[in-house]
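For reference, the structure discussed in these notes is given below.
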Amino acid sequence: MFPETKTQANAQGYRFEREGWCRGCEKRIWWYRTPKGKMMPVDPPANWPEPAKDWPFVAHFTTCEKANDFKKAPAGAAAAQQN
Ligand SMILES: [Zn+2]
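All residue numbers in the sequence shown are consecutive under our numbering, ending with 84.
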């Protein structure tokens, strides 16, 4: 089951890798490594850089206005659809 929050994501083995920018919409994204070892872009917390104990863990595929560009990205697309 796809995690709903950052805490759930960490519990399932998702790990933050690095910050980046979406090549489609150019918004900031955070790259996470999934439990299966694949990279997946996630929307950063809305109130960043204010410290947040927990925040909704949302695959960028689900919010990106250029999501069609990600059709070939295997990890997140499949995970997001399981939510
Ligand atoms: Zn995007």
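Just so it is clear, CB atoms sit at the ideal spot from N, CA and C, and this is done for glycine as well.
Residue burial classification, residue i (beta-carbon count within 10 angstroms, cutoff 16)
{"i": "residue 69", "result": "exposed"}
{"i": "residue 3", "result": "buried"}
{"i": "residue 80", "result": "Unreliable positioning characterises residue 80 in this predicted model, as indicated by a pLDDT of 48, which lies under 50. A coordinate reading is not provided."}
{"i": "residue 82", "result": "In this prediction, residue 82 has a pLDDT of 47, which is less than 50 and means its spatial position is unreliable; what the coordinates show is noted afterwards. Its Cβ having fewer than 16 others within 10 Å, residue 82 is exposed."}
Pair within 9 Å by beta-carbon distance, residue i and residue j
{"i": "residue 58", "j": "residue 6", "result": "yes"}
{"i": "residue 60", "j": "residue 40", "result": "no"}
{"i": "residue 30", "j": "residue 45", "result": "yes"}
Any non-hydrogen atom of ligand 1 closer than 8 Å to residue i Cβ
{"i": "residue 60", "result": "no"}
{"i": "residue 25", "result": "yes"}
{"i": "residue 7", "result": "no"}
{"i": "residue 68", "result": "yes"}
{"i": "residue 28", "result": "yes"}
Determine contact between the segment 4-12 and the segment 20-29, defined as no fewer than three beta-carbon pairs at a distance below 8 Å. Contact fails: fewer than three Cβ-Cβ distances are below 8 Å.
Which runs of the beta strand (DSSP E), 3 residues or longer, sit entirely within the segment 8-53? Scanning the segment 8-53 for uninterrupted beta strand (DSSP E) segments of 3 residues or longer gives 16-22, 29-34 and 40-43, listed from N- to C-terminal end.
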